[in-house]
Amino acid sequence: MNLFRLAGDMTHLFSIIVLLLKIHATKSCSGISLKTQELYVIVFLTRYLDLFTRFVSLYNTVMKIVFIGTSFAIVWYMRYHKVVKQTYNKDEDTFKHYFLLLPCFVLALLLHNEFTTMDVLWTFSLYLEAVAILPQLVLLQQSRNIDNLTGNYVFFLGAYRGLYVLNWIYRYFLQDHRARWIPWISGLVQTALYADFFYYYILSWKKHEKLKLPA
Amino acid sequence: DETDSVKDEL
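For the record, the sequence lines run as chains C and B. Here the first sequence is numbered in the working numbering, starting from 149 and rising by one per residue. Here the second sequence is numbered in the working numbering, starting from 292 and rising by one per residue.
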């Protein structure tokens, strides 16, 4: 494992900690898209089907369990916690997330490496992860006030994707010289979706102003 | 064919 991959995993983990911290400490999930969070549950469940059939390392197993567990915890908080659920911006979280599921699934049926359940679902999880942030970005755009923790959550999530791209570049040139188009292209699409957010995030950070995305 | 190591990523 190279440093970019490790840094990517850590920023991913950190983004989840920031989100859970926000929800737990402030008892509020305002500005957070439940739809994006539900998509992440599906992403992790379909990607980590090999959790009990293929052992890679203790690190991998623990991280997979943490990602599945925390994504369920976040959705549970937003749906069922009696205080937190009242802060959910239901009327602004308007993205039709199920419209993302079917195209990603069809694409995975058409474009994959092996036509096996495991491989098609793994490919589906890559396609779905690439676009899962969209409901969250749409919600941010509709929010007049983005609190710091929410902004940081999305920032770290985007940083994780950027670091994974660097990880693939490193692997290709310095490790195995093997082209992996499916993760690469879906990863690049995913990273590109953050570009606009990053631009305004850095701008507001430089000006010491509150983050606001143009409508 | 052995499993592609990219699947070891998270």
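We put the beta carbon where it would ideally sit given N, CA and C, even for glycine.
Query	Result
Is there at least one Cβ from chain B nearer than 7 Å to residue 158(C)'s Cβ?	no
Report yes if the CB atom of residue 181(C) is closer than 7 Å to the CB atom of residue 283(C), and no otherwise.	yes
For residue 211(C), go through chain B and note every residue whose CB falls closer than 9 Å to its CB, in chain order.	301
Under DSSP, the alpha helix (DSSP H) around residue 288(C) begins and ends at which residues?	282-290
With a threshold of 6 Å on Cβ separation, who are the neighbours of residue 307(C) within its own chain once the five nearest residues in sequence on each side are excluded?	159
For residue 286(C), would you say it is in contact with chain B, using Cβ-to-Cβ distances shorter than 7 Å as the test?	no
Determine whether the beta carbon atoms of residue 361(C) and residue 288(C) lie at a separation below 7 Å.	yes
So, does the CB of residue 328(C) fall closer than 7 Å to a CB anywhere in chain B?	yes
Let's test the definition: count the other Cβ atoms within 10 Å of the Cβ of residue 279(C) and tell me whether it reaches 16, buried, or not, exposed.	buried
Under 7 Å, Cβ to Cβ, is there at least one residue of chain B near residue 331(C)?	yes
Mind checking if residue 204(C) is an interface residue toward chain B, Cβ cutoff 7 Å exclusive?	yes
Since residue 153(C) is in the alpha helix (DSSP H), which residue starts that stretch and which ends it?	151-174
Taking the straight line between their C-alpha atoms, what separation do you get for residue 184(C) and residue 302(C)?	11 Å
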